[in-house]
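Counting in the numbering used here, the sequence shown runs from 2 upward without gaps. Beta carbons: idealized from backbone N, C-alpha and C, even for Gly. Comments concern the structure below.
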Amino acid sequence: MLIAQISDTHILAEDSDLPEAQPRAEDLRRCIVDINGLDPLPDVVIHSGDTVQTGAIADYNHLTALLAPLRPPLYLTPGNRDHHDTFRAMFDNGSGEQPFLHFVIDDFPVRLIALDSIDPGERKGVFCAERLAWLDEALSAAPNRPTILFMHHPPFDVGPRFIDGYRNLADRDALAALVARHPQVRRLMCGHCHRSSLRAWAGTEASTMASVARDVREGVDVVRFAETPMYQLHAVSEDGAVTTQTRLVSDS
Ligand SMILES: [Fe+2]
2 MLIAQISDTH ILAEDSDLPE AQPRAEDLRR CIVDINGLDP LPDVVIHSGD
52 TVQTGAIADY NHLTALLAPL RPPLYLTPGN RDHHDTFRAM FDNGSGEQPF
102 LHFVIDDFPV RLIALDSIDP GERKGVFCAE RLAWLDEALS AAPNRPTILF
152 MHHPPFDVGP RFIDGYRNLA DRDALAALVA RHPQVRRLMC GHCHRSSLRA
202 WAGTEASTMA SVARDVREGV DVVRFAETPM YQLHAVSEDG AVTTQTRLVS
252 DS
């Protein structure tokens, strides 16, 4: 199974005058062209949040126009820049009636679970007891199926700038303790810190990725790669082992 992950696209309205607006749109457009041209085509694309910059409807209208050509199915989880209600209205994530934008994708050999770590007006991550209970139930429903989680805020530090990134640090500790009780979890994939990283976490492994938006990337040579969009490709074996590559997009 092949998963393409995009993150932190921070798209602005199509008529925005800000200098970063068009380069960000171009970064996403080129990533999509590249994904669509891969052989084999990824089974699924996940977006780990901060899809837009301001949360305005005009941002989302531009985003959906840019995403429209994407060939594989796309699943999105929100970031702190996203507007909870607009996001829910525009992307049918299957989160149903429950208050959070969590959902499970059972259509693939490896189970995918999207987690919602946002609270309106809060930049930091939030993962309250109610969210923990939802995840515990979701993981308990299929303890023998390899599972990948994805969410916006990494529940661990990513140096040097993403430190103590949860409103209540006890939230992230409780999340780690819960995941450690469910050994079918093979990877947690995150965004938010705009930087690529991989680490051991909660008895499994966790990764973050550089933002698709070039001007807010961290840990990337901004001169050499200024014109190079990038995203991640995760090849997942049947037992859930994940091999990740960072895909650099050449002119397209
Ligand atoms: Fe972001």
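From residue i to residue j, what distance separates their C-alpha atoms?
i      : j      : result
Pro155 : Leu39  : 28 angstroms
His85  : Asp158 : 25 angstroms
Gly50  : Ser17  : 21 angstroms
Thr245 : Gly122 : 33 angstroms
Phe88  : Ile4   : 22 angstroms
Val250 : Gln6   : 14 angstroms
Leu176 : His183 : 11 angstroms
Asp222 : Ala59  : 31 angstroms
Arg146 : Asp252 : 39 angstroms
Ile98  : Arg31  : In the sequence as presented, Ile is not what sits at residue 98; that position holds Glu. Whole-angstrom Cα-Cα distance: 35 angstroms.
Asp107 : Arg72  : 19 angstroms
Asp120 : His103 : 13 angstroms
Among the candidates the options, whose CA atom is the shortest distance from the CA of residue i?
i      : options                          : result
Ala130 : Gly122, Ser141 and Ser118        : Ser118
Gly74  : Val45, Leu19 and Gly192          : According to the sequence shown, residue 74 is Pro rather than Gly. The shortest C-alpha separation from Pro74 is found at Val45.
Ile164 : Pro147, Glu239 and His193        : His193
Pro144 : Val237, Ala115 and Val180        : Val180
Lys125 : Gly166, Tyr232, Thr55 and Ala242 : Gly166
Arg173 : Arg248, Asp222 and Trp202        : Trp202
Ala134 : Phe151, Met2, Leu116 and Phe92   : Leu116
Arg187 : Leu113, Asp137 and Pro161        : Leu113
Cys191 : Leu42, Glu21, His48 and Leu19    : His48
Gly160 : Leu234, Leu67 and Leu199         : Leu199
Gln185 : Asp137, Leu67, Gln54 and Val53   : Asp137
Phe109 : Ser96, Pro100, Thr65 and Pro43   : Pro43
Ile36  : Phe101, Tyr232, Gly204 and Gln54 : Tyr232
Gln54  : Ala142, Phe226 and Asp9          : Asp9
Tyr61  : Tyr76, Phe92 and Ile33           : Phe92
With C-beta atoms as the reference, is residue i less than 8 angstroms away from residue j?
i      : j      : result
His195 : Asn81  : no
Pro24  : Arg168 : no
Ala14  : Ala69  : no
Ala171 : Leu189 : no
Thr247 : Ser197 : yes
Ile149 : Val111 : yes
Val237 : Met2   : yes
Thr78  : Phe151 : yes
His63  : Ala90  : no
Asp28  : Thr52  : no
Gly220 : Ala211 : yes
In the DSSP assignment, find the alpha helix (DSSP H) that holds residue i and state where it starts and stops.
i      : result
Glu27  : Ala22 to Asn37
Leu139 : A small fix is needed here, since residue 139 is Ala in this sequence, not Leu. First-last of the alpha helix (DSSP H) with Ala139: Ala130 to Ser141.
Phe88  : His85 to Met91
Ile58  : Ile58 to Leu68
Over what stretch of residues does the beta strand (DSSP E) that includes residue i continue unbroken?
i      : result
Ile4   : Leu3 to Ile7
His48  : Val45 to His48
Thr205 : Thr205 to Thr209
Ile12  : Per DSSP, Ile12 belongs to no beta strand (DSSP E) and is neither H nor E.
Ile255 : Residue coverage of the chain in this structure runs from 2 to 253, which leaves residue 255 outside it and unanswerable.
Val243 : Val243 to Leu249
For residue i, is the beta carbon positioned less than 7 angstroms from some heavy atom of ligand 3?
i     : result
Ser17 : Only ligand 1 can be found as ligands here, which leaves ligand 3 out of the picture.
Let me know the beta strand (DSSP E) ranges lying completely inside the region 149-200, each 3 residues or longer, listed in chain order. If we require 3 residues or more, the beta strand (DSSP E) runs fully inside the region 149-200 come out as 186-190.
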